[in-house]
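One structure is given below, encoded as structure tokens.
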Amino acid sequence: MAVKTLWTIDHACGHTMTADLSDRPADRRAGYARWLADRDCTDCWKTARDHDSGDKAAWLAAQRAQEQADAEEWARQYRMPPLDGTDRAVAWADRCRHQLVSAAYTALVAEGTTSEADWEAVEDAARTVTRAGWWLDQREADPADLPELLQAATDSDRPTENPYL
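Converting from the sequence shown to this note's numbering requires adding 1 to each position, the first position being numbered 1.
Here it is, written out as structure tokens:
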């Protein structure tokens with residue numbers, strides 16, 4: 002006698018479906034049928050997933066809007082100039098600049114040995130870098146490296162980091 006291929010599954014959501022398990026090895030069909038019974042049916046799962054992704058998208062949009070507002074307020078407070086680039090790049094770079102400079106202040110001044118006077122020089126250098134792409138390129142940099150990165154970006158003797166040009 003052959004192991005059955007059509008199984009009636011009573012899903013956790015309350016729906017009952019017939020599942021064709023012929024694509025599974027015969028000795029794994031019963032276990033898979035039990036596993037299916039512990040889950041919602043496909044329609045309920047898709048509905049829940051679509052609802053959850055809508056909530057995630059709304060949450061993410063709200064989070065980005067709050068981060069953008071914080072970055073703009075920070076830029077006004079510390080007299081940071083507007084960045085140059087496309088609208089999309091500028092919005093993202095504003096957030097990156099805010100996060101990097103704030104984290105650098107914490108690492109260098111609050112938790113490190115940099116004085117407030119030395120930090121003002123770092124802030125002044127940060128004000129001179131207005132290309133959005135530069136801030137985007139530095140978004141994953143170690144905050145403690147910010148003074149060196151800014152020095153490289155504002156070094157007038159060297160127009161590019163490539164030593165062979």
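Heads up, the beta-carbon is just placed ideally off N, CA and C, and yes, glycines get one too. The structure displayed is predicted, hence computed values, not measured ones.
Where residue i falls, given that 16 or more other Cβ within 10 Å makes a residue buried
i           : result
residue 153 : exposed
residue 63  : exposed
residue 72  : buried
residue 4   : exposed
residue 30  : buried
residue 61  : exposed
Top-ranked residue by Cα proximity to residue i, from the options
i          : options           : result
residue 79 : 25, 124 and 119   : 124
residue 76 : 103, 51 and 61    : 103
residue 28 : 6, 11, 47 and 48  : 6
residue 13 : 25, 34, 22 and 86 : 34
residue 11 : 36, 23 and 48     : 36
residue 38 : 52, 9 and 50      : 9
Same chain, Cβ closer than 6 Å to residue i, five either side skipped, listed in chain order
i           : result
residue 105 : 144 and 147
residue 84  : 91, 94, 131 and 133
residue 120 : 110
CB contact check: residue i to chain B, cutoff 8 Å
i           : result
residue 104 : Judged by its chain identifiers, the structure shown contains no chain B, having just a single protein chain.
Integer Cβ distance of residue i from residue j, believed to fall under 8 Å
i           : j           : result
residue 101 : residue 142 : 7 Å
residue 118 : residue 155 : 18 Å between Cβ atoms; not a contact.
Own chain partners of residue i with C-beta closer than 8 Å, once the 5 adjacent residues on each side are dropped
i           : result
residue 128 : 80, 81 and 82
residue 107 : 144
Contacting residues, own chain, Cβ-Cβ under 7 Å from residue i (five flanking each side not counted)
i           : result
residue 21  : 6 and 7
residue 151 : 123, 126, 127 and 130
residue 25  : 33
If you pair each beta-carbon of the segment 128-142 with each one of the segment 75-92, do three or more pairs fall below 8 Å?
Result yes; three or more Cβ-Cβ pairs closer than 8 Å.
Between the segment 38-53 and the segment 9-28, are three or more C-beta pairs nearer than 8 Å?
A contact exists between the segment 38-53 and the segment 9-28.
Does the segment 92-102 come close enough to the segment 65-80 that 3 or more CB-CB pairs lie under 8 Å?
Segments in contact, yes.
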